[in-house]
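A quick write-up on the structure given underneath.
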Amino acid sequence: NAGVIQTPRHKVTGKGQEATLWCEPISGHSAVFWYRQTIVQGLEFLTYFRNQAPIDDSGMPKERFSAQMPNQSHSTLKIQSTQPQDSAVYLCASSLLVGALGNTLYFGEGSRLIVV
Amino acid sequence: GDSVIQMQGQVTLSENDFLFINCTYSTTGYPTLFWYVQYSGEGPQLLLQVTTANNKGSSRGFEATYDKGTTSFHLQKTSVQEIDSAVYYCAMRDCGSFNKLTFGAGTRLAVCP
């Protein structure tokens, strides 16, 4: 059973360019979460979807960041006009929400974004 | 808003030493508390979940409890091994937040042989 798959694992982009990160949740999981991880801020919640619907995007920067979940098998996080401060590891996680394992978030290995 | 404070940024121990990591939390609701572990190059993975105050959760030799009175929860292991070297995060989910977790800053554990 594959875990959460994130691509690309590493991305280097020039300042001002766009970056798109992909996430494939575990099959059958109804919730998808995006987190950002940096040394300074640690793990920061960005946004999450339940049954593909956006539920809470309170952690998303108001400008340049957007997330979508067009179908149950993938979600994307897009950063427009990337800035050096966007450099981070972006983690995707999925969850069942119900049952004995419903509380558990299963994280992917992350996408490391470097903006130069 | 909800917050989790994890003060110990780095802990260095020798094999067979006792580990104790503490977190405090703040919420207006009824939290479920977690410990996640992150090994180098991987995403965080669930280590323990503690749902009820003063009850213990245990996994892989680790134990976790939380004290509702002091709004604190901790992770301990009697005898750490080198393979336990990782970053440990405490996390909180408020009732009704559909698994949205608030994480502490993380404690990097280095265990020397």
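As given, the protein sequences belong to chains D and C, one line each in that order. Going by my numbering, the first residue of the first sequence is number 883, and it counts up by one from there. Going by my numbering, the first residue of the second sequence is number 80, and it counts up by one from there. C-beta: ideal position from N, C-alpha, C; glycine also. Only a predicted model underlies this, so the values are computations on that prediction, with no experimental measurement involved.
- A straight line joining the alpha-carbon of residue 93 (chain C) with that of residue 169 (chain C) spans about 22 Å.
- Taking one beta carbon from each stretch, the region 903–923 of chain D and the region 944–956 of chain D have 3 or more pairs nearer than 8 Å; the two touch.
- Here residue 85 (chain C) is buried, its C-beta having at least 16 other C-beta atoms within 10 Å.
- Closest in C-alpha terms to residue 124 (chain C), from the list D:993, D:976 and D:998, comes D:976.
- Excluding five sequence positions before and after residue 996 (chain D), the CB atoms of its chain that fall closer than 8 Å to its own CB belong to 892, 893, 894, 895 and 969, given in chain order.
- Under the three-state reduction of DSSP output, residue 907 (chain D) falls in the coil class, being neither helix nor strand.
- Annotation: residue 134 (chain C) is outside any beta strand (DSSP E) and is labelled neither H nor E by DSSP.
- Flagged as an interface residue toward chain D: residue 178 (chain C), by a C-beta distance shorter than 8 Å.
- The shortest C-alpha to C-alpha distance from residue 964 (chain D) to any of D:974, D:973, D:943 and D:979 is the one to D:943.
- For chain C, the residues of the region 923–942 of chain D that bring a beta carbon within less than 7 Å of one of its beta carbons are 924, 925, 927, 930, 932, 937 and 938, in chain order.
- Under the 10 Å beta carbon count, residue 921 (chain D) is surrounded by fewer than 16 other beta carbons and is classified as exposed.
- Close to residue 161 (chain C), with beta-carbon spacing below 8 Å, lies no residue of chain D; the smallest spacing is near 22 Å.
- The three-state secondary structure of residue 163 (chain C), taken from DSSP, is helix.
- Pairing residue 82 (chain C) with residue 105 (chain C), the inter-Cα distance amounts to about 5 Å.
- Residue 971 (chain D) sits away from residue 899 (chain D), with the two beta carbons spaced by 8 Å or more.
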